[in-house]
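Each residue of the sequence shown is one higher than the one before, starting from 11 at the first, in this note's numbering.
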Amino acid sequence: MREPCRTLAPYGPTIQKAVYDPDVKAGLADNTPRWGLAGFYVKVLQPGRLYPGDPITLLEDPC
């Protein structure tokens, strides 16, 4: 999970709190409505169009 960084600082401290909490940091997606609001890091293996419902596969879990 992506942790909010200083690039959000110009928007004030409340935005970081709005997208990140201890449950997000712990990877507890089911415990927080903030899961995913800060974004994800991904690597594209094959370029092309992605449509709603297309499968996305997690190849490794860095956590």
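We put the beta carbon where it would ideally sit given N, CA and C, even for glycine.
Checklist entry - Under 7 angstroms, do D31 and T17 count as touching if we go by C-beta distance? => result Result no, Cβ atoms of D31 and T17 do not sit closer than 7 angstroms.
Checklist entry - By a C-beta neighbour count over all protein chains shown, 10 Å radius and 16 as the cutoff for buried, is V34 buried or exposed? => result By the neighbour-count criterion, in which a residue is buried when 16 or more other Cβ atoms sit within 10 angstroms of its Cβ, V34 is buried.
Checklist entry - Assuming W45 contacts A36 under a Cβ cut-off of 8 angstroms, what Cβ separation, rounded to an integer in Å, is found between them? => result Separation of the CB atoms of W45 and A36 is rounded to 11 angstroms, and the pair is thereby denied contact status at 8 angstroms.
Checklist entry - Which value, in whole angstroms, describes the spacing of the CA atoms of L60 and V54? => result Cα to Cα, L60 sits roughly 11 angstroms from V54.
Item to check | For L38, the three-state DSSP class (helix, strand or coil) | outcome: For L38, the three-state secondary structure derived from DSSP is coil.
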